[in-house]
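The structure appears right after this line, and notes come after that.
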């Protein structure tokens with residue numbers, strides 16, 4: 004019988020029972036308290052999809068109060084640093100309110116934000132599931148415009164947050180989610196206002212710092228398949244003291260996701276892959292690439308398979324039993340079609356959802372020293388863990404077995420007369436587990452105040468911040484040298500099976516390892532060849548900043564507002580690793596210690612100048628301009644700027660336009676990374692496309708300079724008076740990035756070296772036999788990117804059947820996502836629904852996937868104690884690769900830049916969700932959320948023609964792999 008991968012993991016049933024008990028206690032406590040309290044209504048049980056639309060944000064006053072906050076507090080809507088009553092910011096900003104987040108009850112707030120069509124390609128726990136290196140498993144990092152998360156600036160209360168990874172990504176998991184009063188999503192360049200990284204925009208999590216009372220939430224969830232069980236408990240409390248001059252608020256969260264075991268009971272996997280057409284020639288009109296289902300790996304099986312000589316196709320199963328493998332109807336390169344494909348395929352070995360844990364605590368205390376000065380101190384601690392099965396212990400036809408190997412089963416040993424090529428998944432070792440732990444500590448102290456000057460009121464604030472994040476990575480993997488010694492097993496003169504090396508060095512401790520079959524490896528041998536590759540990174544960020552706002556004078560149309568400030572920031576990385584990783588002695592991981600630091604000093608000035616007010620040709624006309632001077636310790640001085648206009652000829656319609664110069668400075672990884680490692684398998688064109696497994700390493704480049712982006716945006720906002728409750732906006736954007744930082748993928752580097760680009764060949768290391776052992780790549784500043792698109796938003800609110808009706812729709816039409824790295828043929832990735840089929844699996848990097856359309860729509864209704872929202876989210880049909888030429892006959896000659904393929908189409912998807920909220924008492928409400936109501940299966944996407952580390956035939960950054968998901972819970976507020 005052929006062995007299937009996987010072993011049952013512990014259940015979260017006990018944790019769910021615990022959550023249910025806490026819910027009961029909370030309900031009892033809250034119900035009792037509400038009987039004594041003055042009856043008052045909490046927020047409506049349901050609400051529109053987004054509390055403030057981009058259209059509505061531009062007709063609101065900028066001086067506003069967060070939801071659930073009492074008392075006058077100036078809130079800067081993130082499109083500008085200026086606080087000004089009635090100002091309509093020229094940069095589009097969508098605002099997600101606390102009521103909407105509560106109604107959706109996401110397992111993580113990032114899950115809800117990512118339904119916005121303007122976000123695409125965000126790093127999520129499922130999309131990073133096969134990443135052994137980098138410490139990214141379990142992370143939630145947001146990505147506006149699909150320009151990479153590193154080009155989206157994430158703020159907490161308008162302040163920078165220390166990076167959660169060496170690559171500069173900010174993990175939303177660490178934020179105090181229950182205290183988030185709103186999330187501002189600025190979809191436009193904002194570097195002049197907020198600094199580096201705001202190329203695609205800014206996402207600002209605004210906290211309810213003045214929350215008073217007690218509130219809590221308990222929820223649990225499970226998929227329709229009974230897996231990915233999860234629970235979440237949140238509790239927050241706030242109170243005033245010292246006769247209202249002081250305020251303290253604390254919040255805590257515990258969350259656990261048990262993940263899945265492989266695919267669980269899901270049956271949609273069909274082994275779709277892209278293979279090389281063995282019948283292809285440059286002149287016969289056939290496509291070079293074929294998309295096929297039921298494809299297995301032709302280079303290995305769980306217990307091993309002979310790949311050369313007269314015994315080719317002999318595989319070994321339980322206890323070393325030999326059998327003849329069925330390669331099916333077609334064998335091509337690394338793959339075969341049909342036959343025993345399920346046995347040789349390991350696409351289902353990866354868990355589609357990792358096991359996650361999250362613990363956060365947050366506290367803030369403030370005190371009014373005088374009526375005009377307030378001081379505060381804030382601290383937070385977050386810990387998140389992620390455990391994932393990333394791949395199997397692959398040896399894809401890379402082993403050479405000697406004919407005197409003592410473990411060759413007796414049934415075939417007499418026919419073995421020469422060395423042979425062998426491949427195996429080393430099933431007795433199980434699967435490759437990866438563990439990431441991120442801990443974050445953040446401390447902020449500051450003060451704010453107001454004074455009168457130049458005949459008008461002014462406000463100021465200062466703060467100092469210290470972020471200290473620790474990232475631990477580990478993977479249980481094979482020690483390469485020990486494995487090589489252990490599988491070379493022979494008999495000593497006494498007839499005992501030993502390592503060949505032991506005959507020369509009897510004290511070397513080598514334990515022989517049997518690669519023939521399953522259930523044959525001794526615990527001693529398994530322990531000898533495996534171990535932990537471990538790495539630690541400590542990331543620190545120190546910030547000191549000050550801001551001054553006021554209205555120094557007036558024009559004929561009103562007061563001129565300014566915001567000005569300075570900031571100094573220092574970032575540093577230090578690390579450690581195990582000794583064997585330093586020599587890259589592991590099969591996977593090989594985490595390297597990185598060291599380096601950078602500092603930046605900058606100052607900015609932003610202004611709003613009213614040019615017309617209540618005139619015959621303009622209800623309002625405002626100029627918004629900003630400039631920022633920045634000096635980097637690593638790359639020198641740079642200037643960023645922004646100019647924008649908002650024009651409302653009448654109350655019903657307004658126009659906005661912006662032009663800005665934005666930057667992204669290289670992050671610590673791009674500058675100082677010693678080398679993040681992995682392992683790839685790809686055809687080596689120098690050796691007749693022989694399948695080759697090799698280590699990869701990505702190093703930093705201290706000579707990098709900031710990326711420069713020119714951003715243009717223009718839009719219109721409609722609020723017709725003849726249709727009360729309706730609002731709409733349309734915005735066009737164009738972002739052009741020069742000197743974009745890019746790293747050439749290992750497989751691309753190899754192919755370009757073969758094509759004659761000899762400057763890249765220095766990154767390839769070969770052994771004495773000419774076989775690739777390592778490919779090293781380094782980031783450089785010579786790529787160019789252009790992103791263009793149109794954002795659409797519309798909403799309508801009205802009364803219906805005695806309740807409140809809300810309808811909302813958002814969509815983005817991506818027009819261009821052009822990338823030119825100076826090496827490959829420039830590509831436009833709009834419409835690409837796959838990961839990079841030629842690079843993603845082999846290199847672990849891939850490239851952008853970006854459908855032409857992304858959309859989200861919802862209909863909500865609430866009345867008294869009941870509310871419900873029905874929503875749809877999805878994206879359009881697409882293709883594998885824009886450079887592919889689709890054809891079945893009469894094909895042109897396939898080239899490196901334009902390969903021919905028989906099917907370049909990938910369907911899109913639409914998912915329907917629903918949530919219902921019911922008030923049990925005025926203080927307590929229950930909720931039920933169902934995602935993917937129809938349990939829509941993900942579209943299968945071929946991976947190839949390289950095997951890669953985890954060839955699951957789904958793009959998990961786009962398609963839902965979990966299926967129908969239920970979440971139920973209780974929340975209370977006292």
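Numbering (my numbering), first residue to last: 4 to 977.
The beta-carbon is built from N, C-alpha and C at its ideal position, and this holds for glycine as well.
1. Might you give, ordered along the chain, the residues of its own chain that have their beta carbon closer than 6 Å to the beta carbon of residue 807, omitting 5 neighbours on each side?
2. Is the beta carbon of residue 655 less than 8 Å from the beta carbon of residue 724?
3. Cα-Cα, which of 671, 83, 397, 93 is closest to residue 648?
4. Is DSSP giving residue 742 helix, strand or coil here?
5. Please report the residue range of the alpha helix (DSSP H) in which residue 415 lies.
6. Can you give me the C-alpha to C-alpha distance between residue 245 and residue 373, rounded to a whole angstrom?
7. Three-state secondary structure (DSSP) at residue 490?
8. Using a Cβ distance threshold of 8 Å, determine whether the region 961-974 contacts the region 915-929, with at least three qualifying pairs required.
9. I'd like to check one pair, residue 444 with residue 212: are the Cβ atoms closer than 8 Å?
10. Decide if residue 544 is buried, meaning its Cβ has at least 16 other Cβ atoms within 10 Å, or exposed.
11. Might you give, ordered along the chain, the residues of its own chain that have their beta carbon closer than 6 Å to the beta carbon of residue 782, omitting 5 neighbours on each side?
12. For residue 310 and residue 398, I'd like the C-alpha separation in whole angstroms.
13. Residue 637 to residue 539, Cα distance in whole Å?
14. DSSP three-state label for residue 690, please.
15. Taking the alpha-carbon positions, what's the residue 451 to residue 438 distance?
16. Based on Cα-Cα distance, which residue from 906, 295, 871 lies nearest to residue 888?
17. Mark residue 457 as exposed unless 16 or more other C-beta atoms lie within 10 angstroms of its C-beta, in which case mark it buried.
18. Taking DSSP as the reference, what is the three-state secondary structure of residue 565?
19. Can you find the residues in the same chain that come closer than 6 Å, C-beta to C-beta, to residue 518, ignoring five residues on each side of it along the sequence?
20. When the distance is taken between beta carbons, is residue 222 closer than 8 Å to residue 363?
21. According to DSSP, residue 468 sits in a beta bridge with which residue or residues?
22. Hey, out of 562, 280, 961, 754, whose CA is closest to residue 995's CA?
23. For the alpha helix (DSSP H) containing residue 103, list its first residue and its last residue.
24. By DSSP's criteria, residue 141 is part of a beta bridge. Which residues make up the other side?
25. What are the boundary residues of the alpha helix (DSSP H) that includes residue 319?
26. Taking C-beta to C-beta, are residue 813 and residue 795 nearer than 8 Å?
27. Using 8 Å as the threshold, is the region 578-593 in touch with the region 618-628, meaning 3 or more CB pairs across them?
28. Tell me where the beta strand (DSSP E) around residue 271 begins and ends.
29. Given a cut-off of 8 Å on the beta-carbon distance, is the pair residue 738 and residue 202 in contact?
30. The alpha helix (DSSP H) with residue 960 in it runs from where to where?
31. If you drop the 5 nearest sequence neighbours on each side, which residues of the same chain put their C-beta closer than 8 Å to that of residue 967?
32. Measuring alpha carbon to alpha carbon, tell me which of 83, 411, 104, 605 ends up nearest residue 96.
33. With a threshold of 7 Å on Cβ separation, who are the neighbours of residue 523 within its own chain once the five nearest residues in sequence on each side are excluded?
34. Can at least three beta-carbon pairs, one atom from the region 906-923 and one from the region 855-873, be found at a separation below 8 Å?
35. Compute the beta-carbon to beta-carbon distance between residue 113 and residue 175, rounded to the nearest angstrom, for a pair I have assumed lies under 8 Å.
36. Kindly list the residues whose CB is nearer than 6 Å to the CB of residue 493, restricted to its own chain and excluding five residues on each side of it in sequence; keep chain order.
Result, derived from the coordinates:
1. Taking the first residue of the chain shown as position 1, residue 807 is located at position 804. For residue 807, where only same-chain residues beyond five positions count, the Cβ hits under 6 Å are 865.
2. As a first step, residue 655 is located in the chain shown; it is residue number 652 there, counting from the start. As a first step, residue 724 is located in the chain shown; it is residue number 721 there, counting from the start. Yes, the pair counts as a contact, with Cβ atoms nearer than the cut-off.
3. The sequence position of residue 648 within the chain shown is 645, counting from 1. Among 671, 83, 397, 93, the Cα nearest to that of residue 648 belongs to 93.
4. Within the chain shown, the letter at position 739 stands for residue 742. Residue state, collapsed to three classes: strand.
5. If you number the chain shown from 1, residue 415 lands on position 412. That residue, residue 415, is in no alpha helix (DSSP H); it is neither H nor E in DSSP.
6. Within the chain shown, residue 245 is the residue found at index 242, counting from 1. Within the chain shown, residue 373 is the residue found at index 370, counting from 1. Those two C-alpha atoms are separated by around 12 Å.
7. As a position in the chain shown, residue 490 is number 487, starting the count at 1. In this structure, residue 490 counts as helix in the three-state DSSP scheme.
8. yes
9. The count along the chain shown starts at 1 and reaches residue 212 at position 209. The count along the chain shown starts at 1 and reaches residue 444 at position 441. Their beta carbons are not under 8 Å apart, which means residue 212 does not touch residue 444 by this criterion.
10. Sequence index remark: in the chain shown, residue 544 carries index 541 (1-based). When all chains shown are included, residue 544 counts as buried.
11. Reading the chain shown from its first residue, position 779 is the one you call residue 782. Closer than 6 Å at Cβ, skipping near neighbours: 673, 704, 744, 746.
12. The count along the chain shown starts at 1 and reaches residue 310 at position 307. The count along the chain shown starts at 1 and reaches residue 398 at position 395. Their Cα atoms are separated by approximately 12 Å.
13. The residue given as residue 637 occupies position 634 in the chain shown. The residue given as residue 539 occupies position 536 in the chain shown. Distance between the alpha carbons of residue 637 and residue 539 is about 24 Å.
14. On the chain shown, position 687 is the one that residue 690 refers to. The answer is helix: DSSP assigns residue 690 an H, G or I state.
15. Residue numbering aside, residue 451 sits at position 448 when the chain shown is read from its first letter. Residue numbering aside, residue 438 sits at position 435 when the chain shown is read from its first letter. About 42 Å.
16. Position 885 of the chain shown holds residue 888. Residue 888 has its Cα closest to that of 906, out of 906, 295, 871.
17. On the chain shown, residue 457 is found 454 positions in, with the first residue counted as 1. Exposed, by the Cβ-count rule.
18. Translated into positions along the chain shown, residue 565 becomes position 562. Residue 565: strand per DSSP, three-state reduction.
19. Here residue 518 corresponds to residue number 515 of the chain shown, with the count starting at 1. Around residue 518: 307, 427, 490.
20. Here the question's residue 363 lines up with position 360 in the chain shown. Here the question's residue 222 lines up with position 219 in the chain shown. It is not a contact, given that the beta carbons lie outside the stated cut-off.
21. Counted from its first residue, the chain shown places residue 468 at position 465. Looking at the DSSP assignment, residue 468 forms a beta bridge with 447, 546.
22. Here the chain covers residues 4 to 977 and nothing more, so residue 995 does not appear.
23. To locate residue 103, count along the chain shown from 1; it is residue 100. Here the alpha helix (DSSP H) through residue 103 covers 101-107.
24. Indexing the chain shown from 1 puts residue 141 at position 138. None, per the DSSP bridge assignment.
25. Taking the first residue of the chain shown as position 1, residue 319 is located at position 316. No alpha helix (DSSP H) holds residue 319; the beta strand (DSSP E) holding it covers 317-319.
26. Reading the chain shown from its first residue, position 810 is the one you call residue 813. Reading the chain shown from its first residue, position 792 is the one you call residue 795. Contact flag set, yes.
27. no
28. Counting from one through the chain shown, the residue named residue 271 turns up at place 268. Premise fails: residue 271 is in no beta strand (DSSP E) and is neither H nor E.
29. If you number the chain shown from 1, residue 738 lands on position 735. If you number the chain shown from 1, residue 202 lands on position 199. Yes, Cβ-Cβ distance for residue 738 and residue 202 is below 8 Å.
30. In the chain shown, counting from the first residue as 1, residue 960 sits at position 957. Careful: residue 960 lies outside any alpha helix (DSSP H) and carries neither H nor E.
31. In the chain shown, residue 967 corresponds to position 964, counting from 1. So the list reads 226, 227, 933, 934, 935, 936, 937, 938, once near-sequence residues are dropped.
32. Within the chain shown, numbered from 1, the residue matching residue 96 stands at position 93. Checked all of 83, 411, 104, 605; the closest Cα to residue 96 is 83.
33. What you label residue 523 is simply residue 520 of the chain shown in a count that begins at 1. Within the same chain, residue 523 has close Cβ partners 322, 323, 431, 517.
34. yes
35. Within the chain shown, residue 113 is the residue found at index 110, counting from 1. Within the chain shown, residue 175 is the residue found at index 172, counting from 1. About 4 Å separates the two Cβ atoms, so the contact holds.
36. Taking the chain shown and counting its residues from 1, the one referred to as residue 493 is at position 490. Within the same chain, residue 493 has close Cβ partners 407, 409, 503.
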